[in-house]
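Protein chains in written order, with this note's numbering: chain C, 1 to 307; chain F, 1001 to 1307; chain X, 2001 to 2307.
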Amino acid sequence: QSSVTVYGRVDLSVGSIKELGTGSETKMFNGGNGGLTTPRLGFRGVEDLGGGLKAHFKLEQRIDAETGALQSPSFKGESSMGLMGGFGKLTLGRTYSVYDDARALSNSNSVFDSAFTPSGNGVFKSGGDYSSRFNNQMRYDMPNMGGVYGGLSYAFEQNAGADDTMTAVLVGYKNGPMNFALGHQNEKGKSDKYLQLAAAYDLGVAKLSAGYNTRSGTAAKGDDDELSLGVDVPVGAINLSAGFATSKTKVGGFTSSKASGFGLGATYTLSKRSKLYAGYRTHEVEDGAGVKTADTRLFAMGVRHDF
Amino acid sequence: QSSVTVYGRVDLSVGSIKELGTGSETKMFNGGNGGLTTPRLGFRGVEDLGGGLKAHFKLEQRIDAETGALQSPSFKGESSMGLMGGFGKLTLGRTYSVYDDARALSNSNSVFDSAFTPSGNGVFKSGGDYSSRFNNQMRYDMPNMGGVYGGLSYAFEQNAGADDTMTAVLVGYKNGPMNFALGHQNEKGKSDKYLQLAAAYDLGVAKLSAGYNTRSGTAAKGDDDELSLGVDVPVGAINLSAGFATSKTKVGGFTSSKASGFGLGATYTLSKRSKLYAGYRTHEVEDGAGVKTADTRLFAMGVRHDF
Amino acid sequence: QSSVTVYGRVDLSVGSIKELGTGSETKMFNGGNGGLTTPRLGFRGVEDLGGGLKAHFKLEQRIDAETGALQSPSFKGESSMGLMGGFGKLTLGRTYSVYDDARALSNSNSVFDSAFTPSGNGVFKSGGDYSSRFNNQMRYDMPNMGGVYGGLSYAFEQNAGADDTMTAVLVGYKNGPMNFALGHQNEKGKSDKYLQLAAAYDLGVAKLSAGYNTRSGTAAKGDDDELSLGVDVPVGAINLSAGFATSKTKVGGFTSSKASGFGLGATYTLSKRSKLYAGYRTHEVEDGAGVKTADTRLFAMGVRHDF
């Protein structure tokens, strides 16, 4: 009967980070920087309009909980609304592109898709990584058809007068323990196109995920070839996970940078809503001459609580 | 029993806007810029203190939902509290002036008092329009006496040390299908005084609203004479509306600008809380020499959802 | 069953403030500047994890309700989470230091620990006062043991690369009408150490509170000796209160500033959640040569409403 649900998550950790050129620093981390996920506060709802049609909305903030600061924009996580029914789901506003679904699937079992996951935290950034959310977006998710799912995203210009639209397409197939997806995203504002092939499989004793990703940029920015792997092993209330990622950037046929990293993590379930965790991540980047340009080691322990 | 209600509205549309000197732009609009109303998130409550006395409060944000940004200040919509009872209603803080009630009445049936309504969107701005909300305000609404209603607003200085107080007064009469109001607002910070005569009438098959507004400014800023008209025609779940507005600014006896515009709109009710809509607005401004200084055409279709 | 409670407070007053060198100004105050407390909006919850263990979180904003502006950072009041059980309570994030508990106790009956309380509003600031909340904090509260309570606070560096950590310790004893506490806080970022001895006693017809506070700074900043006193007298729905505070700063053995002030206040309870109030505060500061450097008089009447 209530038309709005207030929900959120607080995730804080304590640990150390060591980066090339700076000493090791012991500090408190916002979960998104050194734990599982970024703290958030949200407001969402679904209204049944009858005849199978529903209206939905979501307003979700991202919080640096260690300082009490709100990340910008205020509703960075999501600011969207739309309709859903037999035709699928239409979403307007600031939301994730459909391509992000393929990325999320490729990391779904790689150290909990967290700050300990190497792909999105350094390795895939060496050549310039994709944007997960877009303003001014129309997103369409088709209804699931015998396991086949998919969607389209189009973002109108992000800055007035600029040709910085985004187009993305996703197609996937999920059946029992397996889930495959192929995603493409064209970000005109950066002149980068991304292609992601992702897969996950639940063996029961372990869950696997893998992804192959490419970026095609301008002649000056070159192209990326990227791979990510992950495994989750549940042991009672404990979940162990490991992840690996590697990336190579070529400009004009020459390798301009190489990056790789791995992560390890464990969570301990206190309840459906609360977890303790610890994790480790390391990644290195070197330029075409083999000189290290990044070398990061992160270790942290923390608590995550959903409400 | 709960002491706070979380509520809000998301309104997004897609359309095009063409302005003098720039080409047509197709984009996503926040409802307040190209739809019915500005998205919002609010927190409000009323406490019964016994003996007919009640305490009330409201904290309401305004959101650019297409980008997830919060409009400034954070509680732009309202940040107020007060007491109400047999004596009427007293409100302290940031809230609408009583004069705004007369303005709202004058546009109540003019394209849904929305971004498609010509008066407040360009036409009345040609000579400088009033401010609807004030900080540091004390507002008193008298109890309804046989249809007669009214109120007073006083805003303490908005900027320390400046004589920029605001005083406003409203008196109205509502009886069955008719509603009349007269409002006056003196904004010392801008040296502008406003007078608004407003009326609305519900014919059953159609609802009408009209307003006559004047601004009296300094010799340099001159005076405005302004008129607005509107009609709403309900047809089942559909509501059709049209609005017209015109404005003339005189400085030193000479016409320095003339503006006029009209709007058309339709809403389709999906539920009490959800609507589809489409609208069109055009307005033009020309200076004393007859040269166009503004020429805007807006068309958009969207969805509004209340929660 | 609900996992989150939305709560808050709005407090607004109207009054006048006169400060040295400027005339008297009549204005609307945010409660924290000229009333009882700063308006706030918060989200909090406690989850029972079983076995006596609980998870807790709190996200609390501070609002300038007279203008609708949010104080910075967004969750200035609190942004924290943690666990509690038989071992006590562990809190991570932005929260009050344990030293603040001793300060709060010393002012607990001194004009409602409000903007009318002289100690924290001018008198104790003459030599530089403590910070009540810290980011990146780990706070531990021991379980109450036969009336003995206490805790520890440690804040990791506030600014990257700076040695501006904070350490605080609190020990207290509460038994029936009496409550004593001793707190120490070392703020490395300011090179100031604080020591607070606080006591409160409930006589039934009146409640008393008192505090003795010292600041030990660098040779250049010198040291402070400070005293605060307060009394609350309940008379039916009315509560009368008075407070006094004095401070002396010595640099290199010489008195560099002397400050003193007092406050008077009354509240009238409309309900558990709503109060009317009026208050007066004055404080003066003079430098080592006996020249007044501050002379403030505040009078205001207002309303406070909790939700």
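Each residue gets a CB set at the ideal place from its N, CA and C atoms; glycine is no exception.
Below 8 angstroms CB to CB, which residues in the same chain sit around Gln2001/X once its five sequence neighbours on both sides are set aside? Low confidence applies to Gln2001/X: its pLDDT is 46, below 50, so where it sits in the model is not reliable enough to give any reading.
Can you pull out the residues from the region 2065-2083 of chain X whose beta carbon lies closer than 9 angstroms to at least one beta carbon of chain C? Within the region 2065-2083 of chain X, the qualifying residues are Leu2070, Ser2072, Pro2073, Ser2074, Phe2075, Lys2076, Gly2077, Glu2078, Ser2079, Ser2080, Met2081, Gly2082 and Leu2083.
According to the Cβ coordinates, are Leu2059/X and Leu41/C closer than 8 angstroms? Between Leu2059/X and Leu41/C, the C-beta spacing is below 8 angstroms.
Does DSSP put Asp2164/X in a helix, in a strand, or in coil? Three-state DSSP puts Asp2164/X in coil, outside helix and strand.
Segments assigned alpha helix (DSSP H), at least 4 residues, entirely inside the region 1202-1284 of chain F: Within the region 1202-1284 of chain F, no complete alpha helix (DSSP H) run reaches 4 residues.
Leaving out five residues before and five after Thr293/C in sequence, what residues of the same chain have Cβ atoms less than 6 angstroms from its Cβ? Result list for Thr293/C: Val285 and Asp287, in chain order.
Can you name the residues that DSSP bridges to Lys2018/X? Its beta-bridge partners are Ser2024/X and Arg2297/X.
Is it buried or exposed, Ile2238/X, if we count other Cβ atoms within 10 angstroms and call 16 or more buried? Around the beta-carbon of Ile2238/X, fewer than 16 other beta-carbon atoms lie within 10 Å, marking it exposed.
Express the C-alpha separation of Lys1190/F and Gln1158/F in angstroms, rounding to a whole number. Distance between the alpha carbons of Gln1158/F and Lys1190/F is about 12 angstroms.
Would the beta-carbon of Tyr280/C fall within 8 angstroms of that of Phe299/C? Cβ atoms of Tyr280/C and Phe299/C: closer than 8 angstroms.
Taking 6 angstroms as the limit between beta carbons, can you name the residues of its chain near Ala2245/X, skipping five residues before and five after? Listed in chain order, the non-local C-beta contacts of Ala2245/X below 6 angstroms within the same chain comprise Pro2118, Ser2119, Val2123, Ser2228 and Gly2261, local neighbours out to five positions each way being set aside.
Would you mind sorting Gly1031/F into buried or exposed? The rule is 16 or more other CB atoms within 10 Å of its CB. Buried is the label assigned to Gly1031/F, since at least 16 other Cβ atoms lie within 10 Å of its Cβ.
For Gly21/C, is the beta carbon positioned less than 7 angstroms from some heavy atom of the ligand GDP? As presented, the structure is devoid of all ligands, the ligand GDP included, so that no description of it is given.
Using a Cβ-Cβ cut-off of 8 angstroms, state whether Ala1055/F counts as contacting chain X. Yes, contact with chain X.
Candidates Gly2183/X, Gly2051/X and Glu2187/X: which alpha carbon is nearest Gln2196/X's? When each option's Cα is compared against that of Gln2196/X, the closest is Gly2183/X.
Using DSSP with H/G/I as helix, E/B as strand and the rest coil, what is Ser2126/X? Ser2126/X falls in the coil class under three-state DSSP.
For Tyr1173/F and Gly1151/F, which I take to be in contact (beta-carbon distance under 8 angstroms), what is that distance rounded to the nearest angstrom? That belief does not hold up - the Cβ atoms of Tyr1173/F and Gly1151/F are roughly 14 angstroms apart, past 8 angstroms.
I want to verify the contact list: residues of chain C whose CB lies under 7 angstroms from the CB of Val1950/X, in sequence order. The structure shown does not extend to residue 1950/X, since chain X is modelled only from 2001 through 2307, so no value can be given for it.
Assuming the contact rule is C-beta atoms closer than 8 angstroms, Leu2240/X and Ala2210/X should be a hit. Round their C-beta distance to whole Å, please. At roughly 18 angstroms, the Cβ-Cβ gap does not stay under 8 angstroms, so Leu2240/X and Ala2210/X are not in contact.
Quick one: Cα of Val1111/F to Cα of Ser1126/F, how far? Answer to the nearest angstrom: the Cα atoms are 20 angstroms apart.
Give me the chain C residues within the contact set of Leu1007/F, using Cβ-Cβ distance strictly less than 9 angstroms, ordered along the chain. The sequence as given places Tyr at residue 1007/F; Leu does not occur at that position. Residues of chain C with a Cβ closer than 9 angstroms to the Cβ of Tyr1007/F are, in chain order, Ser3 and Val4.
For Gly8/C, I'd like the list of residues in its chain whose CB is within less than 7 angstroms of its CB, leaving aside the five on either flank, ordered along the chain. Excluding residues within five positions, the ones whose Cβ falls inside 7 angstroms are Arg40, Leu41, Gly42 and Phe307.
Please compile the residues from chain D whose C-beta is within a distance smaller than 7 angstroms of the C-beta of Lys2027/X. The structure shown has no chain D; the protein chains it does contain are C, F and X.
Where Asn2159/X falls: helix, strand or coil (DSSP): For Asn2159/X, the secondary structure class from DSSP, reduced to helix, strand or coil, is coil.
Tell me which same chain residues have a C-beta within less than 6 angstroms of the C-beta of Gly1263/F, skipping the five on either side of it? Result list for Gly1263/F: Val1111, Phe1116, Thr1117, Pro1118, Gly1243 and Arg1281, in chain order.
Arg133/C at chain X interface by Cβ criterion, 8 angstroms: Taking Cβ atoms only, chain X never reaches closer than 8 angstroms to Arg133/C, which makes this a no.
Answer with buried or exposed for Asn1135/F, where buried requires no fewer than 16 other C-beta atoms within 10 angstroms of its C-beta. Per the 10 Å Cβ criterion, buried.
Considering only their Cβ atoms, is the gap separating Gln61/C from Arg94/C smaller than 8 angstroms? Not a contact, by the Cβ cut-off of 8 angstroms.
Determine the DSSP secondary structure at Phe1112/F, reduced to helix, strand or coil. Per DSSP, reduced to three states, the secondary structure at Phe1112/F is helical.
If you measure from the beta carbon of Phe299/C to each beta carbon in chain X, is any gap under 8 angstroms? So no, Phe299/C is outside the interface.
Rounded to the nearest angstrom, how far is the Cβ of Val2014/X from that of Met2028/X, given a contact under 8 angstroms? About 5 angstroms; that satisfies the 8 angstroms criterion.
Would you say Arg2094/X reaches chain C, if we count a Cβ-Cβ gap shorter than 8 angstroms as a contact? At least one CB atom of chain C sits nearer than 8 angstroms to the CB of Arg2094/X.
DSSP three-state call for Asn186/C: helix, strand or coil? Of the three classes helix, strand and coil, the one that applies to Asn186/C here is strand, per DSSP.
Within-8 angstroms CB hit, Thr296/C to chain F: No, because no Cβ of chain F sits closer than 8 angstroms to the Cβ of Thr296/C.
Asp1164/F to His2283/X span [Cα, whole Å]: The C-alpha of Asp1164/F lies about 29 angstroms from the C-alpha of His2283/X.
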